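Below is one structure; the comments refer to it alone.
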Amino acid sequence: EYTTADAALFPLGLDHIANVVTHDGLTFGVWTAPFEVSERAWVYQHHKEWLVHNASGAPLHIGYVTDKQDPLYVLDTTHPGAQEYLRQTYTTLRNWGVRFIKMDFMDDTAVEGSYYRPNTTALEAQRIGLQIIREAVGEEVVLDKDGSPMLNPVGLVDAGRISQDTGHTFE
13 EYTTADAALF PLGLDHIANV VTHDGLTFGV WTAPFEVSER AWVYQHHKEW LVHNASGAPL
73 HIGYVTDKQD PLYVLDTTHP GAQEYLRQTY TTLRNWGVRF IKMDFMDDTA VEGSYYRPNT
133 TALEAQRIGL QIIREAVGEE VVLDKDGSPM LNPVGLVDAG RISQDTGHTF E
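First residue of the sequence shown: 13, per the working numbering; consecutive thereafter.
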């Protein structure tokens, strides 16, 4: 819910923060997890059909936000409604002056499941979502992917990294 700010934390909205940051000559950047959906999210509450499903037809559970709280699911980037949601979200961020977007947890969301578009692989779905985001933000916004398979986002993102910031090991 990147365009719906917590009113207690941001009483004037995120667009106000963007205006302050860019007015001071800084580049406004945001962190997102574009394909993760928590149970608290508007998408989960109103459009479970926009999620990747398991063989039984239930939204595919991929983990939790923290300590087994707030289950996470995957946005189905092949669903037209989910595509429009991504388009609107990232267009809004661009219109606010965001010029750097870190896209995180992309490895967690590259999971096989039942997609709206039949016979779609997880990597194809991820690339579809990245293409929508790139088109929404244009070339003037730097897209930094974190945690995705390395070659899948080539040509759609400007930067990418791997790290051990989430406790993964090579053991």
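Backbone N, C-alpha and C fix where the C-beta goes; we use that ideal spot for every residue, glycine too. Only a predicted model underlies this, so the values are computations on that prediction, with no experimental measurement involved.
- If you compare alpha carbons, which of Y76, A19, D170 and A94 is closest to V64? A94
- Query: Which of helix, strand or coil does DSSP assign to E136?
  - Reply: Assigned with DSSP and collapsed to three states, E136 falls in helix.
- Three-pair Cβ contact test at 8 Å for the segment 26-33 versus the segment 126-137: no
- On the three-state DSSP scale, how would you describe D116? coil
- Message: Pop quiz: D120 and E48 are said to be a contact at Cβ under 8 Å. What is the actual Cβ separation, rounded to whole angstroms?
- Response: 7 Å
- Reduced DSSP secondary structure (H/G/I, E/B, other) of T44: strand
- Message: Residues in the same chain with beta-carbon distance under 7 Å from R99, minus the five sequence neighbours each way, listed in chain order, please.
- Response: I144 and A148
- Straight-line gap, G109 to F40 (C-alpha atoms, nearest Å): 7 Å
- Task: Can you grab the Cα-Cα spacing for the pair K157 / A45, in whole Å?
- Result: 10 Å
- Message: Going residue by residue through the segment 34-104, where are the continuous beta strand (DSSP E) segments of at least 3 residues, counting only ones entirely within it?
- Response: 40-44, 48-50, 73-78 and 81-86
- Message: Going by DSSP, what residue range makes up the beta strand (DSSP E) through A171?
- Response: A171 to R173
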